[in-house]
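S.K.: First the structure, then my questions, so here it is.
Residue numbers (the numbering used here): 92 to 252.
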């Protein structure tokens, strides 16, 4: 592929990502992205105030289930010295459990607690419902186009890993 085609595709992708961000998401503010007017949501989410780095650790662990702390730091580009207070805070909130690796006692691993898994599943469900409500205004044709396009984008992005 020519450099000009690559550049054009890069520009289009950046524009697309901006459209997604501006159209669906307000950075770093879940409650504005997915407005949910329920006491249950307020009780579950708003009582736990966490910076993005803490949320990223939870999201990462939700995907991988269990991980050495050093791998999380590397994957999320967080310094090892910053990981200790992040993990300590998540332990204090009863969202992660820290333990030694059964194969190598020098390695500390963490995993989500049942409380964190329940919270993650609740937030994920609320986010999906909010997105569903937002796209429900699309015509059937637009919805089919969106579904097909997302499927294509997912396939392509998996090749980029």
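Cβ coordinates follow ideal geometry from the N, Cα and C atoms, glycine included.
Is DSSP giving residue 185 helix, strand or coil here?
M.R.: coil
S.K.: Output yes or no for whether 9 angstroms exceeds the beta carbon distance between residue 203 and residue 191.
M.R.: no
S.K.: Label residue 160 either buried or exposed according to how many other C-beta atoms from any shown protein chain fall within 10 Å of its C-beta, with 16 as the threshold for buried.
M.R.: buried
S.K.: Could you have a look at residue 246 and say whether DSSP puts it in helix, strand or coil?
M.R.: helix
S.K.: Residue 144 and residue 152 look like a contact to me (Cβ under 8 angstroms); what is the Cβ gap, rounded to whole Å?
M.R.: Their Cβ separation, rounded to whole angstroms, is 13 angstroms, which puts residue 144 and residue 152 out of contact at 8 angstroms.
S.K.: Rounded to whole angstroms, what's the CA-CA distance from residue 247 to residue 216? Just pull it up for me.
M.R.: Whole-angstrom Cα-Cα distance: 26 angstroms.
S.K.: Rounded to the nearest angstrom, what separates residue 96 and residue 102 at their Cα positions?
M.R.: 10 angstroms
S.K.: Here's the rule I'm using: 16 or more other beta-carbon atoms within 10 Å means buried, otherwise exposed. How should residue 251 be labelled?
M.R.: exposed
S.K.: Tell me, please, which residues DSSP counts as bridged to residue 190.
M.R.: 200
S.K.: Considering just the uninterrupted stretch of the beta strand (DSSP E) at residue 158, what are its terminal residues?
M.R.: 157-159
S.K.: Express the C-alpha separation of residue 150 and residue 141 in angstroms, rounding to a whole number.
M.R.: 13 angstroms
S.K.: Decide if residue 155 is buried, meaning its Cβ has at least 16 other Cβ atoms within 10 Å, or exposed.
M.R.: exposed
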